[in-house]
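Encoded as structure tokens, the structure appears first; notes follow it.
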Amino acid sequence: VNLPHALVAGPHAGGIVNLPAVVITFLVAGMLMAGTKESATLNAVLVVLKIVALGVFVAIALPAFDSANLQPFMPYGFPKTAGPDGVERGVMAAAAIIFFAFYGFDAISTAAEETKNPGRDLSIGIVGSMIGCTLIYVLVALSAVGAMSFTVFGKSPEPLALIMRELGHGKAALVIGAVAIIALPTVLLAFLYGQSRIFFVMSRDGLLPRGLSKVNARTGTPVAITLFTAVLVAALAGVARLDEIAALANAGTLAAFT
343 VNLPHALVAG PHAGGIVNLP AVVITFLVAG MLMAGTKESA TLNAVLVVLK
393 IVALGVFVAI ALPAFDSANL QPFMPYGFPK TAGPDGVERG VMAAAAIIFF
443 AFYGFDAIST AAEETKNPGR DLSIGIVGSM IGCTLIYVLV ALSAVGAMSF
493 TVFGKSPEPL ALIMRELGHG KAALVIGAVA IIALPTVLLA FLYGQSRIFF
543 VMSRDGLLPR GLSKVNARTG TPVAITLFTA VLVAALAGVA RLDEIAALAN
593 AGTLAAFT
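Following this note's numbering, the numbering of the sequence shown begins with 343 at its first residue and continues without gaps.
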């Protein structure tokens, strides 16, 4: 589907609204409103797909590891510095982006009321996901940088697929690219779920209109607050710059963990 530029970019990029971002947001919200169990099952399936795709990448890229690709080590240094092009580089600049992942770990706690044994399940979920994600991050990053110099894939919109193609595995590149697109909503699903539950508690405590905290008798989900959250998210996703949204989210997450 070829949409006009005005419907695929916000005002900052010469368009009107990023319509795909808005549509995806409401589709994910619809899944959440259909039922927690149903959305959790779909999310689990998509996460498994992502893990399998990353496993395939590591299995192919790691054997091609060349220590020469790690030299110079930390070429931009440890502190965050801005280059002449305005791009921030350095270990701390990368860490600021990765810190966004901690919002996902924290979001697990918002499911406390919908778990059978929150005292046990939440602890296992938070600690287990942090350990698992750390291992995956390290393995994928080490495999990518070891298999090819970061200068080759650093600016690519699909770095893992590019590495696969350069290593002569075109089919693996297609699979990884397809899985990345199909499984992309998992992140939005988790975050939209977490934020809607936070708003749900705020509504129940009177910090937001109490009518928003009503639970649908058939699905057992807070439909009104989920739709309310989706409207706010879609409004930002449709017109705001992605880097500005990411910076705002990182700042908020860092403040919450400080």
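For glycine and all other residues, C-beta sits at the position ideal for the given N, C-alpha and C.
Kindly list the residues whose CB is nearer than 7 Å to the CB of residue 364, restricted to its own chain and excluding five residues on each side of it in sequence; keep chain order.
-> Scanning its chain for C-beta atoms nearer than 7 Å, with the 5 sequence neighbours on each side dropped, one finds around residue 364 the residues 576, 579 and 580, in chain order.
Minimum C-alpha distance to residue 390 - residue among 362, 371, 525 and 516 = Taking only the C-alpha atoms, the option nearest residue 390 is 525.
Contact check, residue 421 vs residue 428 under 8 Å by CB: the rounded distance?
-> Their Cβ separation, rounded to whole angstroms, is 17 Å, which puts residue 421 and residue 428 out of contact at 8 Å.
Using DSSP bridges, identify the partner residues of residue 423.
-> Within the DSSP secondary-structure output, residue 423 pairs in a beta bridge with 431.
Taking the Cβ atom as the reference point for each residue, do residue 568 and residue 374 lie within a distance shorter than 7 Å?
-> Their beta carbons are under 7 Å apart, which means residue 568 touches residue 374 by this criterion.
Could you give the C-beta distance for residue 445 and residue 595, rounded to a whole number, given that I count them as a contact under 8 Å?
-> So it is a contact: roughly 5 Å between Cβ atoms.
From the DSSP output, which residues share a beta bridge with residue 558?
-> Residue 558 pairs with nothing; no bridge assigned.
N- and C-terminal bounds of the alpha helix (DSSP H) containing residue 534 | For residue 534, the uninterrupted alpha helix (DSSP H) segment begins and ends at 527-546.
Length at least 3, wholly inside the region 451-496: the beta strand (DSSP E) runs in chain order | Within the region 451-496, no beta strand (DSSP E) run of at least 3 residues lies entirely inside it.
Host alpha helix (DSSP H) of residue 378 (start-end) = For residue 378, the enclosing alpha helix (DSSP H) has its first and last residue at 378-403.
Pairwise C-alpha distance: residue 357 and residue 521 = Distance between the alpha carbons of residue 521 and residue 357 is about 28 Å.
Is it buried or exposed for residue 344, if we count other Cβ within 10 angstroms and need 16 for buried?
-> Exposed, because fewer than 16 other Cβ atoms sit within 10 Å of the Cβ of residue 344.
Rounded separation between residue 424 and residue 499 - CA only | Answer to the nearest angstrom: the Cα atoms are 21 Å apart.
Along the alpha helix (DSSP H) that carries residue 447, what are the first and last residues, could you check?
-> Run containing residue 447: 443-449, per the alpha helix (DSSP H) assignment.
Going by Cα to Cα distance, which pick from 535, 379, 418 and 462 is closest to residue 570?
-> With distances taken between CA atoms, residue 570 lies nearest to 535 out of 535, 379, 418 and 462.
8 Å Cβ shell around residue 488 - same chain, five flanking residues per side excluded | Cβ within range, chain order: 403, 404, 406, 407, 408, 409, 411 and 412.
Between which two residues does the alpha helix (DSSP H) containing residue 573 stretch?
-> From DSSP, the alpha helix (DSSP H) with residue 573 extends over 565-581.
Go ahead and pull the three-state DSSP assignment for residue 359.
-> Collapsing the DSSP output to three states places residue 359 in coil.
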